[in-house]
Amino acid sequence: MLEITQQTHVYSIFCKMMNEFQQIFAATPQILACHNTTGEDDFLVIVVARELDDYSAFFERTLRRLPSVSSNRSNLSLNEMKAASKLLVLPSNA
């Protein structure tokens with residue numbers, strides 16, 4: 028997982044950067060998902076890499092080229108505890 032923070036949150040600039048990010052992320056097969064988030068960081072990106080060297084190459088090729096990034100933080104999974112592809116949504120009266 029990768030957390031990204033942008034340099035500015037001025038609405039017009041942020042929207043332009045978000046569009047650029049969406050284009051880059053959509054064209055990058057190593058990125059499985061990306062979420063625009065609340066809180067300290069602006070984006071949570073789910074990245075897959077076979078090994079650390081692959082992640083390092085991806086980071087240099089893709090992430091270092093993103094416009095207006097002020098910080099990023101990588102969290103590597105040591106062990107997958109649960110993986111689900113369906114979301115159980117219960118009725119509101121349950």
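For the sequence shown, my numbering assigns the number 28 to the initial residue and increments by one for each residue that follows. Every residue, glycine too, gets a C-beta built ideally from N, C-alpha and C.
Rounded C-alpha distance that separates residue i from residue j
i      : j      : result
ILE40  : ASN63  : 15 Å
CYS61  : ASP68  : 12 Å
ARG100 : MET44  : 19 Å
VAL37  : THR65  : 15 Å
VAL116 : LEU71  : 23 Å
SER95  : ARG88  : 16 Å
ASN102 : MET108 : 15 Å
ALA111 : THR35  : 34 Å
LEU93  : ASN106 : 29 Å
GLU78  : GLN50  : 25 Å
Residues near residue i in its chain [Cβ-Cβ closer than 7 Å; skip 5 each side]
i     : result
ALA11 : Nothing can be reported for residue 11, as the shown portion of the chain is limited to 28 through 121.
SER98 : THR32
THR55 : THR89
Residue i: first and last residue of the uninterrupted beta strand (DSSP E) it sits in
i      : result
SER98  : 96-101
GLU107 : Looking at the DSSP string, GLU107 is not in any beta strand (DSSP E), and its letter there is neither H nor E.
Residues near residue i in its chain [Cβ-Cβ closer than 8 Å; skip 5 each side]
i      : result
VAL74  : MET28, LEU29, GLN57, ILE58, LEU59, TYR82 and PHE85
PHE52  : ILE58, CYS61 and VAL72
LEU114 : none
Own chain residues within Cβ distance below 6 Å of residue i, not counting five before or after
i      : result
SER119 : none
PHE48  : none
Limits of the unbroken alpha helix (DSSP H) element including residue i
i     : result
GLU47 : 38-53
LEU71 : Segment 70-74 is the beta strand (DSSP E) holding LEU71; no alpha helix (DSSP H) there.
GLU87 : 79-88
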